[in-house]
Amino acid sequence: MAGISVLSVGHSNPVVVEAVKRQLDRLAHALDIYTAERIQLVQKLVEIAPGGLRDHSRVLLGGPTGSDAVEGALKLAKFNTKRHTFLAFHGAYHGMTGGALSVTSKKSYRSGYLPLFPDIHFAPYAYCYRCAFSKEYPECDMQCVRYVEYLFSDPESGLTDPAAMIAEPIQGEGGFIVPPGGYLSELRRICDENRILLIVDEIQTGFGRTGKMFACEHDGVTPDIVTIAKAVGGIGLLLSGCLIRRELDSWEPGGHLGTFRGNVLACVAGLAAINYTLEKRLVERAVKTALSRHPRLVRYTVCLPIDRSAPYTKGKQSFMPRWKTHVQKWEKWGKRNKISLKIDY
Ligand SMILES: Cc1ncc(COP(=O)(O)O)c(C=O)c1O
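Numbering of the sequence shown is given in the numbering used here, commencing with residue 484 and proceeding in unit increments.
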């Protein structure tokens with residue numbers, strides 16, 4: 484699990500540790516101002532940003548946690564659009580603070596804290612195994628996308644014009660739900676057609692964890708705002724932020740403050756980790772390793788056939804330690820259903 488998607492270059496990666504040690508001797512904490520270290524990280528983030536954000540984005544470095552990044556993204560969307568409605572998804576996890584929890588769907592996390600942000604709507608995610616519409620992919624014609632379209636087009640749907648739609652490109656906490664290819668680009672299309680912002684939460688999926696630097700690149704999508712945290716601090720140092728379209732950079736100086744925003748040590752660690760990832764070609768290597776060593780696992784998570792009789796254990800927590808048992812079950816299921824589980828994409 485790499486410290487819940489934090490340690491993308493390994494525990495205490497020596498190259499990153501060395502860079503942090505050098506920085507520690509010079510300066511460990513500065514105010515929320517432009518330090519050289521911060522500027523270098525920001526430039527690197529802009530260089531690796533997904534899609535049309537590459538070389539054309541602004542970076543807002545946030546507080547220590549992913550929840551801080553989500554709070555910043557929601558605030559920025561509200562500030563730019565002067566609206567306060569958000570559309571999020573069933574199974575979504577965006578954090579535990581007020582705004583982030585408002586767009587997180589799990590009842591047990593939310594109950595006890597209501598009311599949260601007003602006017603938050605949730606739509607079914609593309610969770611093909613447990614389709615909310617009891618359809619089968621691809622015959623379903625992505626009913627979940629059609630439903631989002633309906634929310635926007637029907638004046639009786641209860642949805643007022645949102646500031647933004649917020650989605651994970653692959654749901655993490657929701658159970659590692661990989662939507663079918665094209666799902667995110669459909670959401671992008673709907674946002675464009677309805678002139679609303681698309682916030683893609685890459686806090687868990689960013690920095691090479693899915694075979695691309697950012698998971699939204701699998702669909703060639705350019706979000707308006709990308710939230711980042713977790714692995715951006717290199718070896719677990721605390722940092723988060725948002726990559727945003729330039730036009731959204733509308734906060735005056737001091738518009739969104741924080742004592743620990745853009746922490747110098749975390750910036751140095753983040754830059755060293757990104758450089759390490761690029762130099763060692765870790766993203767490409769992760770894909771190769773996954774395909775050669777764990778083809779059945781990849782098949783299982785990325786392109787498994789949809790069949791309700793197929794073996795499954797609820798929830799990701801139980802999945803990881805027991806994946807071998809799962810693979811064996813899948814092998815048996817494959818034989819029974821005469822489906823080859825060899826990797827074929
Ligand atoms: C997609 C996503 N967004 C936001 C968060 C919240 O991050 P944090 O726990 O650092 O507040 C998480 C944490 O797991 C996450 O997976």
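The beta-carbon is built from N, C-alpha and C at its ideal position, and this holds for glycine as well. Computed from a predicted model, the values in this text were never measured in an experiment.
When C-beta atoms of the stretch 512 to 527 are compared with those of the stretch 745 to 761, three or more pairs fall below 8 Å, so the two segments count as touching. Within 6 Å of the C-beta of E700 there is not a single heavy atom belonging to ligand 1. Within the same chain, Cβ atoms closer than 6 Å to the Cβ of P547 are found at L721, F743, the five residues on either side in sequence being excluded. The beta carbons of G724 and G753 sit no closer together than 7 Å. The residue from G694, H739, L740 with its alpha-carbon nearest to that of V770 is G694. One thing to note: V542 has its Cβ no nearer than 7 Å to the Cβ of A755. At least one heavy atom of ligand 1 lies less than 6 Å from the C-beta of A712. DSSP, reduced to helix, strand and coil, places C614 outside both helices and strands of the structure shown, so it counts as coil. Around the C-beta of H701, 16 or more other C-beta atoms lie within 10 Å, and the residue is accordingly described as buried. Here R541 is bridged, per DSSP, to I727. Distances between the C-beta of H573 and the heavy atoms of ligand 1 are all 6 Å or more.
The three-state secondary structure of P663, taken from DSSP, is coil.
Sequence-distant partners of E632 (beyond 5 residues in either direction) whose C-beta falls short of 8 Å from its own C-beta, in its chain, are I673. Bounds of any beta strand (DSSP E) do not take in L761; it lies within the alpha helix (DSSP H) bounded by 747 to 762.
In terms of side-chain proximity, the C-beta atom of E554 is found no nearer than 6 Å to any non-hydrogen atom of ligand 1.
For C627 against F616, the beta-carbon gap comes to about 7 Å, under 8 Å, which counts as contact. In the same chain as H604, and ignoring 5 residues on each side of it, the C-beta atoms closer than 6 Å to its own belong to L570, L642, in chain order. The alpha-carbon of L510 is positioned some 18 Å away from that of G741. Excluding its 5 nearest sequence neighbours in each direction, E622 has no C-beta neighbour in its own chain below 6 Å. A straight-line Cα-Cα distance of about 45 Å links E676 and S495. Under the criterion of beta carbons closer than 8 Å, G574 and S550 do not qualify as touching, at roughly 18 Å.
If you check the C-beta of T548 against ligand 1, you find a heavy atom less than 6 Å away. Using a cutoff of 6 Å, the CB of Q687 counts as near ligand 1, since one of the ligand's heavy atoms is closer than that. Residue pairing by DSSP places T710 opposite D684, C725 in a beta bridge. Annotation for L559: the continuous alpha helix (DSSP H) segment containing it runs 549 to 564. Between I718 and the set E735, R629, Y759, the nearest pair of CA atoms involves Y759.
DSSP, reduced to helix, strand and coil, places I531 within a helical segment of the structure shown. For Y576, the shortest C-beta to heavy atom distance toward ligand 1 is below 6 Å. Taken in chain order, the whole beta strand (DSSP E) runs of length 3 or more contained in the stretch 583 to 665 are 603 to 606, 645 to 650. Partner residues in the beta bridge of L570, as assigned by DSSP, are H604, M648.
For G582, the Cβ stays outside the 6 Å cut-off from all heavy atoms of ligand 1. Within its own chain, the residues whose Cβ lies closer than 7 Å to the Cβ of R671, once the five positions on either side in sequence are excluded, are L681, V704, listed in chain order.
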